[in-house]
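Here is the structure we will look at, set down as structure tokens.
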Amino acid sequence: MDYQVRLEAFEGPLDLLLHLIEKNKVDIYDIPIAVITDQYLAFIADSVEADLENLADFLLMAATLVSIKSRMLLPRRKVVDEDEEAEEDPREQLVQRLALYRQYKELASHLAAREEGEEPRVYYREIPADEQEEVVPVEVKLEVSISELVKAFQALWQEKTDEFSYPLPQGDVDVGEKIAELLQRLPVLPDAMVFQDLFWDVHSRREALALFLALLELVRQRRVRAVQEEQFGCIVVGLQPEDDSPA
Amino acid sequence: MLLRQELKAAIEAVLFTRAEPIDIEELSRALGVSVQDTREILQELISEYNRSEHGIQVVESDAGYTMCTKPEYFRYVNNTNRSVTRRLSQAALETLAIVAYQQPVTRPEIEAIRGVRVEGVLNMLVDRGLVAEAGRKDVPGRPLLYVTTAEFLRIFGITSLDDLPRKDEEA
Amino acid sequence: MLLRQELKAAIEAVLFTRAEPIDIEELSRALGVSVQDTREILQELISEYNRSEHGIQVVESDAGYTMCTKPEYFRYVNNTNRSVTRRLSQAALETLAIVAYQQPVTRPEIEAIRGVRVEGVLNMLVDRGLVAEAGRKDVPGRPLLYVTTAEFLRIFGITSLDDLPRKDEEA
Chain U
411 MDYQVRLEAF EGPLDLLLHL IEKNKVDIYD IPIAVITDQY LAFIADSVEA DLENLADFLL
471 MAATLVSIKS RMLLPRRKVV DEDEEAEEDP REQLVQRLAL YRQYKELASH LAAREEGEEP
531 RVYYREIPAD EQEEVVPVEV KLEVSISELV KAFQALWQEK TDEFSYPLPQ GDVDVGEKIA
591 ELLQRLPVLP DAMVFQDLFW DVHSRREALA LFLALLELVR QRRVRAVQEE QFGCIVVGLQ
651 PEDDSPA
Chain V
179 MLLRQELKAA IEAVLFTRAE PIDIEELSRA LGVSVQDTRE ILQELISEYN RSEHGIQVVE
239 SDAGYTMCTK PEYFRYVNNT NRSVTRRLSQ AALETLAIVA YQQPVTRPEI EAIRGVRVEG
299 VLNMLVDRGL VAEAGRKDVP GRPLLYVTTA EFLRIFGITS LDDLPRKDEE A
Chain G
179 MLLRQELKAA IEAVLFTRAE PIDIEELSRA LGVSVQDTRE ILQELISEYN RSEHGIQVVE
239 SDAGYTMCTK PEYFRYVNNT NRSVTRRLSQ AALETLAIVA YQQPVTRPEI EAIRGVRVEG
299 VLNMLVDRGL VAEAGRKDVP GRPLLYVTTA EFLRIFGITS LDDLPRKDEE A
């Protein structure tokens, strides 16, 4: 890449995407998804060393982008029935998220300008240091209403009753485990599996991330190959045959 | 018992000292007069300070009554402002913007918009008193709801949330 | 360039926000006018605020100019500025709700309902006088029993526990 920006410079995957869209001077409502996806993947590949806490969110977006990219390549179904709604653009959801995030980013910079006193704003009185000491709760006036109290209690009982109807996520999902799982699940090339199918039975974001990380790691180790068969436009993945390693 | 003129002076003194909005009930209790009288005097103060020779004003908001400078003099105040503000990070500003416009809002809702986890930054905002918990949302998992505070208004020089630019209705 | 009236308003705004006295040189620099003009306007402000309808004043000292309340209104200021409004955290509210409806209740019983440890929040409620210890329960381990206090009734504006809305049994 011809410029050096670190992953930490971005607030998240949406921020990075907006940056790439701006850099490529393209319309947010008509994103050239293949180009942007490639740049996005190249960017996070360079940043894989960055702290994982952040990386998780970036990788999840990577999976989304790859999925949109492959859906874009599928031939569009022709709409025959007038009543049937036109097929959704695979980018639709992402575009909405980007537009909404961009709005809040602008509002955030407006807040920053106010904080800095660069725009008309009011000022309240500074609290003198000695008064500050004094103000430290001598009498704390509690602001609460009886209805809040009752609501809190009723909801607690509700929760108690419903305790078993919402399964809670069970701890962290291990990337190592996912690697083992992939090695077992994936067919050996030339047989292969469609990328998205890997995520069909994934129930949590953490698990999706672990699976994606595991896949990245296997691709890096050249034990798995991802192939885009132009004929179908899908990304398929499969195991590299063991005795077929390049000499 | 105070004369009406003294009462007005006392209210002015209280508004000046208080760094955050004061409730009309609290004010009338402190002065030992009716809420009705207190409200009348507050209205007088508001219209007097509204006159152009004044650089400060009394404003009424949902949170109560408070005294602050008029927006048109922001430059002069900013020129002389010595308070060392700990600047908020971009992550904090984005999170605050979402809370300000969407309140009451849950953490998962903020995370859906920002595309990243916000637990750390949200806790920091609560610690600094810019955001507060306000009950729980009645959905599975019962996540906490968050709102902005009077300190939020202070830091950004806002008298009411209407001071913020309108968010486009259509994303 | 500001009109004289705007200048006065700007000075008033600056004096209002500053907690510490401001130097006349600094003030004149910030406004872009001469020290002489600044001094004249300050004198005007001093005499205007000296009038009895005002509860605040502008005073000159060696350190500079400052705005503060007039001493005769300290009493009213003190009646109000010592209370700080704080919302109860959701954890505190939920714990309080359990004590209110289940009292006398032990800590393990509260923890069984909330599903989390409540030692810290319970101590806070005792410190604030909303909850009090009331003997021990006659079971193994003899845990302390907790009840709500008169302060609890006051805060929530109720006269007796019978005023609490009935818990919906079928909730």
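Keeping their order, the protein sequence lines are chains U, V and G. The first sequence maps to residues 411 to 657 in my numbering. The second sequence maps to residues 179 to 349 in my numbering. The third sequence maps to residues 179 to 349 in my numbering. Glycine included, every Cβ here is placed at the ideal spot set by N, Cα and C.
Which listed residue (the options) has its alpha carbon closest to that of residue i
{"i": "U/Y450", "options": "U/D437, U/D440, U/L424, U/I438", "result": "U/L424"}
{"i": "U/V585", "options": "U/L599, U/M603, U/L625", "result": "U/L625"}
{"i": "G/Y324", "options": "G/S338, G/E289, G/R332", "result": "G/E289"}
{"i": "V/R207", "options": "G/N256, G/D341, G/P282, G/R217", "result": "G/N256"}
{"i": "G/E238", "options": "G/E231, G/T216, G/R253, G/F252", "result": "G/T216"}
{"i": "G/R295", "options": "G/G313, G/L303, G/R285", "result": "G/R285"}
{"i": "V/G242", "options": "V/L205, V/N259, V/L308, V/E272", "result": "V/L205"}
{"i": "U/A419", "options": "V/K248, V/I219, V/L181, V/Q268", "result": "V/Q268"}
{"i": "G/N301", "options": "G/T326, G/K315, G/R320", "result": "G/T326"}
{"i": "V/V309", "options": "V/D341, V/R344, V/A270", "result": "V/A270"}
{"i": "U/P651", "options": "U/Y514, U/T474, U/P597, U/L623", "result": "U/P597"}
{"i": "U/E617", "options": "U/R633, U/D601, U/I589", "result": "U/I589"}
{"i": "V/P343", "options": "U/P600, U/K479, U/D437, U/E529", "result": "U/E529"}
{"i": "V/L181", "options": "V/I219, V/V213, V/V283, V/E297", "result": "V/I219"}
{"i": "V/K345", "options": "U/F622, U/Q513, U/A522", "result": "U/Q513"}
{"i": "G/G249", "options": "V/A191, V/S338, V/I336", "result": "The displayed chain sequence assigns Pro, not Gly, to residue 249 of chain G. Residue V/A191 is the option with its Cα nearest to G/P249."}
{"i": "U/E525", "options": "V/R265, V/V299, V/Y251", "result": "V/R265"}
{"i": "U/L621", "options": "U/L592, U/A455, U/F468, U/E421", "result": "U/L592"}
{"i": "U/P500", "options": "U/A509, U/A473, U/M482", "result": "U/M482"}
Test: residue i CB closer than 7 Å to a CB of chain V
{"i": "U/A518", "result": "yes"}
{"i": "U/R535", "result": "yes"}
{"i": "U/E421", "result": "yes"}
{"i": "G/S267", "result": "yes"}
{"i": "U/E652", "result": "no"}
{"i": "U/V532", "result": "yes"}
{"i": "U/A522", "result": "yes"}
{"i": "U/E525", "result": "yes"}
{"i": "U/L469", "result": "no"}
{"i": "U/L428", "result": "no"}
{"i": "U/Y514", "result": "yes"}
{"i": "U/L510", "result": "yes"}
{"i": "G/A270", "result": "no"}
{"i": "U/L424", "result": "yes"}
{"i": "U/E573", "result": "Model confidence at U/E573 stands at a pLDDT of 40, short of 50, so the residue's coordinates are unreliable; what they give is reported in the following sentence. Chain V, which has no Cβ nearer than 7 Å to the Cβ of U/E573, makes this no."}
{"i": "G/I234", "result": "yes"}
{"i": "G/Y254", "result": "yes"}
{"i": "G/E231", "result": "yes"}
{"i": "G/Q280", "result": "no"}
{"i": "G/E203", "result": "no"}
{"i": "G/R260", "result": "With a pLDDT of 48 at G/R260, under the threshold of 50, the modelled position of that residue is not reliable, and the figure given next carries that caveat. Not one chain V Cβ lies under 7 Å of G/R260."}
{"i": "G/V380", "result": "Residue 380 of chain G lies beyond the stretch modelled for chain G, which goes from 179 to 349, so this question has no answer here."}
Bridge-paired residues (DSSP) for residue i
{"i": "G/Y426", "result": "Chain G is shown only over 179 to 349; residue 426 of chain G falls outside these bounds and no answer can be derived."}
{"i": "U/M603", "result": "U/V647"}
{"i": "G/A310", "result": "G/V325"}
{"i": "V/V356", "result": "Outside the modelled stretch of chain V, which goes from 179 to 349, sits residue 356 of chain V, for which no answer is possible."}
{"i": "U/A636", "result": "U/V647"}
{"i": "U/V598", "result": "U/L649"}
Proximity test, Cβ basis, 7 Å: residue i and chain U
{"i": "G/T195", "result": "yes"}
{"i": "V/I276", "result": "yes"}
{"i": "V/R332", "result": "yes"}
{"i": "V/R292", "result": "yes"}
{"i": "V/L303", "result": "no"}
{"i": "V/T247", "result": "yes"}
{"i": "V/T337", "result": "yes"}
{"i": "V/T343", "result": "The sequence shown places Pro at residue 343 of chain V, rather than the Thr named in the question. For V/P343, the answer is yes, since a Cβ of chain U falls inside 7 Å of its Cβ."}
7 Å Cβ cutoff, residue i in contact with chain G
{"i": "V/A241", "result": "no"}
{"i": "V/E311", "result": "yes"}
{"i": "V/N257", "result": "yes"}
{"i": "U/P577", "result": "Low per-residue confidence applies at U/P577: pLDDT is 38, beneath 50, and the placement is therefore not dependable, though the value from the model is reported in the following sentence. With 7 Å as the cut-off, U/P577 does not count as an interface residue toward chain G."}
{"i": "V/Q221", "result": "no"}
{"i": "U/L552", "result": "Residue placement at U/L552 is flagged as unreliable, the pLDDT there being 47, under the threshold of 50; the coordinate-derived value follows with that caveat. Output row for U/L552: interface = yes."}
### Query
Three or more beta-carbon pairs under 8 Å between the stretch 186-193 of chain V and the stretch 229-249 of chain G, yes or no?
yes
### Query
With a cut-off of 8 Å, do at least 3 Cβ pairs link the stretch 272-281 of chain G to the stretch 223-230 of chain G?
no
### Task
Starting from the N-terminal side, write out each stretch of the alpha helix (DSSP H) that is 4 residues or longer and does not extend beyond the stretch 422-489 of chain U.
423-433, 443-456, 462-483
### Message
Check whether the stretch 306-325 of chain V and the stretch 194-204 of chain G are in contact - that is, three or more C-beta pairs closer than 8 Å.
### Response
no
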